[in-house]
């Protein structure tokens, strides 16, 4: 349940940033992390122009709530504290459980994407994800499934 609570808060913050179009770029005050790293650092003006952001090697992050305030800065901290303020009982529960504050990247860099049809009605996808990322999220974003009966083809996407 602890991880579900943390994921819920992370997903709410990510949804806000997706809605405003800021999920895929760094802002001053963001905490940045490399794709396969658990460490992070505070973004200033110079870090927001780092070419590694465009190369998908470096990413803005969102909070995985735990003890204490998030270490983000500027307006990013205000946004994250507002999120915590909207779910105070959940945040207190996570802190009391001894969860450490962690970060997760907001973007999902997919490597080695390939697909083929081993049978006419079977699509096989192959890709590599960073640790902690879920294939179901990728499949949901790649495919636009249409309920059976709305098309002549039984496997429409």
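Residue numbers (full-length UniProt numbering): 1 to 157.
Ideal Cβ positions, reconstructed from N, Cα and C, are used throughout, including at glycine.
Remember, it's a predicted structure, so these values are computed and weren't measured experimentally.
Three-state secondary structure assigned by DSSP to residue i
| i | result |
| --- | --- |
| residue 33 | strand |
| residue 5 | helix |
| residue 25 | coil |
| residue 40 | coil |
| residue 58 | strand |
| residue 49 | coil |
From the options, residue whose alpha carbon lies closest to that of residue i
| i | options | result |
| --- | --- | --- |
| residue 57 | 11, 106, 14, 69 | 106 |
| residue 10 | 129, 44, 127, 87 | 87 |
| residue 40 | 54, 63, 24, 140 | 63 |
| residue 2 | 96, 140, 16 | 96 |
| residue 115 | 141, 121, 125, 109 | 125 |
| residue 45 | 13, 28, 60 | 28 |
| residue 61 | 19, 25, 98 | 25 |
| residue 67 | 90, 82, 59 | 90 |
| residue 42 | 18, 72, 52 | 72 |
| residue 23 | 8, 83, 38, 108 | 108 |
beta-carbon residue i near the ligand GTP non-hydrogen atom, thresh 7 Å
| i | result |
| --- | --- |
| residue 143 | With respect to the ligand GTP, the structure offers nothing, as it holds no ligand at all. |
Identity of the residues DSSP links to residue i by a beta bridge
| i | result |
| --- | --- |
| residue 64 | 102 |
Problem set entry | beta strand (DSSP E) segments (min. 3 residues) lying fully within the segment 66-149 | When DSSP assignments are scanned along the segment 66-149, the uninterrupted stretches of beta strand (DSSP E) that are 3 or more residues long and fall wholly within it turn out to be 102-105, 111-119, 122-128.
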